[in-house]
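A short write-up of the structure that comes next.
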DNA sequence: CCAACTAATGCTCAGGCGGAGTATATGCTA
DNA sequence: TAGCATATACTCCGCCTGAGCATTAGTTGG
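Residue numbers (this note's numbering), protein chains in the order written: chain A, 37 to 364; chain B, 37 to 364.
Okay, here's the thing in structure tokens:
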């Protein structure tokens, strides 16, 4: 009997392939698994990191593994001693310029994994980091971070103005990505924003081969190789997913208050939500049921405890439709 | 040939892990690219096939390729002598049965590609097939195909009833997948429906190792290995994508009438749409602009010709939002 | 020229959903 | 007991969307 794996529907991230690679030698091509492991604790979305918080966990795809996904689960659970609630493939890279050499090629298959509790790690170099450590501009829960206006945008504008022929195009791209000039902020554009900063040369990853440029002006911790880019892909995917698939419940305890649930979603989305409407959304869709118990937390009126109605995963097809389809 | 292990992830509820397997340890890993190449002609969505329409085109990933995507483009364009408008990664899996030998394993990376015109192929064994040849139950433009009620559902019900303990669960899954018992038909569940038929043993792919079962009862052409499964993934992805990203325009001529555009979307979705609302949707979003010309087709009032406003790709972030996010 | 037909285009209407706000309930602590 | 903090209930309104009716602009056959 295999352990059940959750149903996943892959959606691809936009963007090109900039490969990432780690370890693994041998002639020909090697396969490497890279994990974006997410949990939410203390009101922060966290990701499992290694190497002084500068790398995502990764490991070779081994022959004992039944499948790529099984391989993912196997070594993650071996490392964390914790079951993985939800796993979804993110993207596969194999880029030459970031590889090991002309005769070497590494194929990296990245996965997003959700886990409910914070595992204790085997290795001591592992740690859970708020993902906003790497993407400070993505957290708007307390309003727009001042650094955006003070540091990020001036640098981006300079980037736009640097090439007159591309000025308008770049300025527009900046406006779309960061929600300027009346355009709405879209929390799903994590990857696009990262890419933009990369192209503008504002982050360390883009300056590795150009030490003459000095330190990168933009805040936010960097990672080895393309790991920050993979993380951006994972965040974007998760932010999109929570809107049409009940994956949040993989990140909260078995029973929870609606506010806890909301805080979790807010942590992931990096935005605050309207409390009453959030409740309406969740309850109307019958995603949860009352346990009958009440939260002991108790500042203010105690909140009812709820649990996820797992049945919804089978009773409905949890996907969206937007075309003007005729009912007749 | 042995039954191909399956690597794509089921969106099905109690999705089990049918991950692809590998048997052996060895130094080398080969990478293989598989393409779902789509075009729409003659009111039919078509897919490029090989080997007597039983295989998707595929080719090795070579060290000369800059990236996976570049590799895809390279050999597709070499084969078809036609540029690829849009390319998107579908899924990566490692399949035991594709291995070249005990010390080899193959990683398959599948891609979806859209092309505007029907290329003339180099090899004569290549042909464009309506994808409904492989999935007849997916075309509801002329109403629900009679074969669903006559062949498909009776067999599925038998499958559900076969195991009393699973009866309810299976019956429910059937209802959700095929839009029964008041549940709506969801054209995006292509993969789930295929999976269901596979698990129910109703299609040739599932019976390859069980010749005693005789011919599969369900109509629809099969393919080698799990190519039909990959095709299902591609169709599902495309059907989902057209709802929030203007990819249809990659499939129609440079100028087109709104009805042409609608027919194209309908071909992909397998459903008819409300004409006036379709126009409203397209024009309100300013996805198109008039060319000033008029269609010469001329049965009935001549239709204005339009062209896609490529600018929308940069002026807006073309993605959706469904959370009750506070504007303040 | 008119009638009939086909398809394009314009317009209206009603229901539902989502964003936002107000009001009330229920626990605590000072 | 007042005040506070949070939970929960309900209302309002605008927009989107499904659906249908009406009109326009061509062609084709008498």
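A virtual CB, placed ideally from N, CA and C, is assigned to each residue, including glycine.
Can you name the residues of chain A whose CB is closer than 8 angstroms to the CB of residue i?
{"i": "residue 210(B)", "result": "Neighbours of residue 210(B) on chain A: none; closest Cβ ~11 angstroms, over 8 angstroms."}
{"i": "residue 68(B)", "result": "Per Cβ cutoff of 8 angstroms: no residues; residue 68(B) is ~11 angstroms from chain A at best."}
Does residue i come out as helix, strand or coil in the three-state DSSP assignment?
{"i": "residue 239(A)", "result": "coil"}
{"i": "residue 104(A)", "result": "helix"}
{"i": "residue 183(B)", "result": "helix"}
{"i": "residue 223(A)", "result": "coil"}
{"i": "residue 96(A)", "result": "strand"}
{"i": "residue 200(A)", "result": "helix"}
{"i": "residue 61(A)", "result": "Note that residue 61(A) has pLDDT 33, beneath the 50 cutoff, so the model's placement of it is unreliable and no number is given."}
{"i": "residue 131(A)", "result": "coil"}
{"i": "residue 363(B)", "result": "In this prediction, residue 363(B) has a pLDDT of 49, which is less than 50 and means its spatial position is unreliable; what the coordinates show is noted afterwards. Correct three-state label for residue 363(B): coil."}
{"i": "residue 125(A)", "result": "strand"}
{"i": "residue 260(B)", "result": "coil"}
{"i": "residue 169(B)", "result": "helix"}
{"i": "residue 234(B)", "result": "helix"}
{"i": "residue 177(A)", "result": "strand"}
{"i": "residue 188(B)", "result": "helix"}
{"i": "residue 368(B)", "result": "Look at the range of chain B in this structure, 37 to 364, and you will see that residue 368(B) is not part of it."}
{"i": "residue 283(A)", "result": "coil"}
{"i": "residue 77(A)", "result": "strand"}
Identify the continuous alpha helix (DSSP H) that holds residue i and give its terminal residues.
{"i": "residue 251(A)", "result": "No alpha helix (DSSP H) holds residue 251(A); DSSP gives it neither H nor E."}
{"i": "residue 264(A)", "result": "263-277"}
{"i": "residue 298(A)", "result": "294-305"}
{"i": "residue 350(A)", "result": "348-351"}
{"i": "residue 317(A)", "result": "311-320"}
Is there a Cβ of chain B sitting closer than 8 angstroms to that of residue i, yes or no?
{"i": "residue 71(A)", "result": "no"}
{"i": "residue 141(A)", "result": "yes"}
{"i": "residue 262(A)", "result": "no"}
{"i": "residue 131(A)", "result": "yes"}
{"i": "residue 175(A)", "result": "no"}
Please list the partners that residue i has in chain A, where partner means a Cβ-to-Cβ separation under 7 angstroms.
{"i": "residue 128(B)", "result": "104, 125, 128, 145"}
{"i": "residue 65(B)", "result": "64, 65, 66, 67"}
Would residue i count as contacting chain A if we go by Cβ distances under 8 angstroms?
{"i": "residue 286(B)", "result": "no"}
{"i": "residue 351(B)", "result": "yes"}
{"i": "residue 97(B)", "result": "yes"}
{"i": "residue 191(B)", "result": "no"}
Please say whether residue j and residue i have beta carbons closer to each other than 8 angstroms?
{"i": "residue 233(B)", "j": "residue 254(B)", "result": "yes"}
{"i": "residue 128(B)", "j": "residue 145(A)", "result": "yes"}
{"i": "residue 212(A)", "j": "residue 351(B)", "result": "yes"}
{"i": "residue 305(B)", "j": "residue 231(B)", "result": "no"}
{"i": "residue 67(B)", "j": "residue 96(B)", "result": "yes"}
{"i": "residue 298(B)", "j": "residue 288(B)", "result": "no"}
{"i": "residue 327(A)", "j": "residue 342(A)", "result": "yes"}
{"i": "residue 76(A)", "j": "residue 242(A)", "result": "no"}
{"i": "residue 238(B)", "j": "residue 252(B)", "result": "yes"}
{"i": "residue 286(A)", "j": "residue 121(A)", "result": "yes"}
{"i": "residue 199(A)", "j": "residue 147(A)", "result": "no"}
{"i": "residue 329(B)", "j": "residue 291(B)", "result": "yes"}
{"i": "residue 216(B)", "j": "residue 353(A)", "result": "no"}
{"i": "residue 229(B)", "j": "residue 164(B)", "result": "no"}
{"i": "residue 270(B)", "j": "residue 126(B)", "result": "yes"}
Tell me where the beta strand (DSSP E) around residue i begins and ends.
{"i": "residue 163(A)", "result": "163-166"}
{"i": "residue 81(B)", "result": "80-85"}
{"i": "residue 334(B)", "result": "Unbroken run through residue 334(B): none, as it is neither H nor E."}
{"i": "residue 341(A)", "result": "340-344"}
Which chain B residues are close to residue i, counting only those with a beta carbon under 9 angstroms from its beta carbon?
{"i": "residue 205(A)", "result": "350"}
Determine the chain B residues that contact residue i at a beta-carbon separation under 7 angstroms, and present them in chain order.
{"i": "residue 197(A)", "result": "Within 7 angstroms Cβ-Cβ: nothing; residue 197(A) doesn't reach chain B, min ~18 angstroms."}
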